[in-house]
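Engineer: In the numbering used here, the protein residues as written are 4 to 138.
1. If you check the beta carbons only, do residue 36 and residue 22 fall under 8 Å apart?
2. With distances taken Cα to Cα, identify the nearest neighbour of residue 26 among 46, 102, 118.
3. Using the DSSP secondary-structure output, state which residues sit across from residue 105 in a beta bridge.
4. Nearest-angstrom Cα distance between residue 96 and residue 133?
5. Leaving out five residues before and five after residue 126 in sequence, what residues of the same chain have Cβ atoms less than 7 Å from its Cβ?
6. Taking only the alpha-carbon atoms, compute the straight-line gap between residue 43 and residue 112 and give it to the nearest angstrom.
7. I think residue 1 touches residue 99, with their Cβ atoms under 8 Å apart; what is that distance to the nearest whole Å?
8. Starting from residue 97, trace the alpha helix (DSSP H) in both directions and tell me its first and last residue.
9. CB-CB under 8 Å to residue 53, same chain, minus the five flanking residues each way: which ones, in chain order?
10. For residue 102, count neighbouring Cβ atoms within 10 angstroms of its own Cβ and tell me buried if that reaches 16, exposed if not.
11. Is DSSP giving residue 133 helix, strand or coil here?
12. Less than 8 Å between the beta carbons of residue 80 and residue 89, yes or no?
13. What's the C-alpha gap between residue 4 and residue 17?
14. Can the beta-carbon of residue 137 be found less than 8 Å from the beta-carbon of residue 118?
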C-alpha cells in the first residue's frame with residue numbers, strides 16, 4: 004500500500020506496506036522505496052528515501068506533513084480537500100518553505116498562522132481565500 008502525491012512542483016511517494024520501484028520518466032536512476040519510507044521526485048531526480056511513521060494519521064484523516072514543501076505546493080494540496088477555494092499565492096510567497104505537521108480541515112486558520120510568521124495574511128473575498136501583505 005502506498006500514497007502518491009502529484010503536484011506541479013514534485014511527486015512524493017510514501018510506502019506503508021510492501022515496496023515500490025520509483026523511476027521517473029527519462030531518468031536512468033531508479034530507487035526502491037520500502038515500507039515505512041518515502042521519497043520525493045523533482046523532474047527526473049529522485050531523492051534518497053527517508054523514514055516516516057506509517058502509523059500516524061495522514062491526509063485521509065485530515066493531516067499533512069509538509070517537511071520542506073513550499074507554500075505554493077501546500078495551497079495546491081489544500082485546494083484538493085474541497086471547501087473554500089484558495090488563490091495561488093504570489094511567486095515570492097509561493098516559494099516559502101513550510102515545515103511541520105498540520106490539520107487540513109481549517110485552511111484559513113492554518114494559512115493565517117503561517118502568514119503571521121512570514122509577513123502575509125489571508126482574507127476571504129467572494130468565497131475565495133486570497134493572500135495579502137500583512138498590515
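Glycine included, every Cβ here is placed at the ideal spot set by N, Cα and C.
Structural biologist: Looking at the atomic coordinates:
1. Locating residue 36 in the chain shown gives position 33, counting from the first residue. Locating residue 22 in the chain shown gives position 19, counting from the first residue. Yes, the Cβ-Cβ distance between residue 36 and residue 22 is below 8 Å.
2. Residue mapping note: residue 26 aligns to position 23 of the chain shown, counting from 1. Closest option to residue 26, Cα to Cα, is 46.
3. For the purposes of this step, residue 105 is taken as residue 102 along the chain shown, with counting starting at 1. DSSP output for residue 105 lists 67 as bridge partner(s).
4. For this step, residue 96 is matched to residue 93 along the chain shown. For this step, residue 133 is matched to residue 130 along the chain shown. Distance between the alpha carbons of residue 96 and residue 133 is about 12 Å.
5. In the chain shown, counting from the first residue as 1, residue 126 sits at position 123. Only 133, 135 meet the Cβ criterion.
6. Mapped onto the chain shown, residue 43 falls at position 40. Mapped onto the chain shown, residue 112 falls at position 109. So the two alpha carbons sit approximately 27 Å from each other.
7. In this structure the chain extends from 4 to 138, so residue 1 is not present and cannot be described.
8. Residue 97 sits at position 94 when you count from the first residue of the chain shown. From DSSP, the alpha helix (DSSP H) with residue 97 extends over 94 to 97.
9. Stepping through the chain shown from its first residue, residue 53 is reached at position 50. So the list reads 40, 41, 42, once near-sequence residues are dropped.
10. As a first step, residue 102 must be located in the chain shown, where it is residue number 99. Exposed.
11. In the chain shown, residue 133 corresponds to position 130, counting from 1. DSSP places residue 133 in strand when its eight states are reduced to three.
12. Reading the chain shown from its first residue, position 77 is the one you call residue 80. Reading the chain shown from its first residue, position 86 is the one you call residue 89. No, they are not a contact pair.
13. Counted from its first residue, the chain shown places residue 4 at position 1. Counted from its first residue, the chain shown places residue 17 at position 14. Computed Cα separation, rounded: 9 Å.
14. For the purposes of this step, residue 137 is identified with residue 134 of the chain shown, where counting begins at 1. For the purposes of this step, residue 118 is identified with residue 115 of the chain shown, where counting begins at 1. The answer is yes: Cβ separation under 8 Å.
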